[in-house]
Amino acid sequence: MDRMLFDSPVQIRIGTESTQREVTTVKGAYEALVDWPHAKRSGPLYREAVETVSAALAGTRTREAAKRAFIAAADEIGIRI
Numbered sequence: 001m002d003r004m005l006f007d008s009p010v011q012i013r014i015g016t017e018s019t020q021r022e023v024t025t026v027k028g029a030y031e032a033l034v035d036w037p038h039a040k041r042s043g044p045l046y047r048e049a050v051e052t053v054s055a056a057l058a059g060t061r062t063r064e065a066a067k068r069a070f071i072a073a074a075d076e077i078g079i080r081i
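The opening residue of the sequence shown carries number 1 in UniProt numbering; numbering runs sequentially from there.
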């Protein structure tokens, strides 16, 4: 199994048209964080997710930690489905 693949996908709604998006990897989580609504980037859980997901991409944090941080950030602004 790919070491960056999540054990199960995370579903979110993001973008101006609230498009549903399935995030299945650490890289996908990073890309979703880049696309995060600008007005919602100031939350502490968003910042933590960016740091944790970036660290997972660098190999210093686990994919599980990245997924937990990503879910927490999505829940913080109510976009997880």
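No residue lacks a Cβ here, since even glycine has one placed at the ideal position from N, Cα and C.
Predicted model, so just to flag it, every value in this text is computed and none were measured.
Span separating the alpha-carbon of Ile77 from that of Ser54: In the sequence shown, counting from the first residue as 1, residue 77 sits at position 77. In the sequence shown, counting from the first residue as 1, residue 54 sits at position 54. The alpha-carbon atoms of Ile77 and Ser54 are separated by roughly 20 Å.
Taking the straight line between their C-alpha atoms, what separation do you get for Ile71 and Thr19? Here the question's residue 71 lines up with position 71 in the sequence shown. Here the question's residue 19 lines up with position 19 in the sequence shown. Whole-angstrom Cα-Cα distance: 17 Å.
Residue range of the unbroken beta strand (DSSP E) whose run includes Ser8: Sequence index remark: in the sequence shown, residue 8 carries index 8 (1-based). That run of the beta strand (DSSP E) goes Leu5 to Ile14.
Within its chain, find whatever has a CB closer than 6 Å to the CB of Ala73; leave out the 5 residues flanking it on each side and keep chain order. Position 73 of the sequence shown holds residue 73. So the list reads Leu45, Tyr46 and Ala49, once near-sequence residues are dropped.
N-terminal and C-terminal residue of the alpha helix (DSSP H) that Glu17 is part of: For the purposes of this step, residue 17 is taken as residue 17 along the sequence shown, with counting starting at 1. Premise fails: Glu17 is in no alpha helix (DSSP H) and is neither H nor E.
Out of Asp7, Asp35 and Thr52, point me to the one whose CA is closest to Ile14's CA. Here residue 14 is taken as the residue at index 14 of the sequence shown, counted from 1. Nearest of Asp7, Asp35 and Thr52 to Ile14, Cα basis: Asp35.
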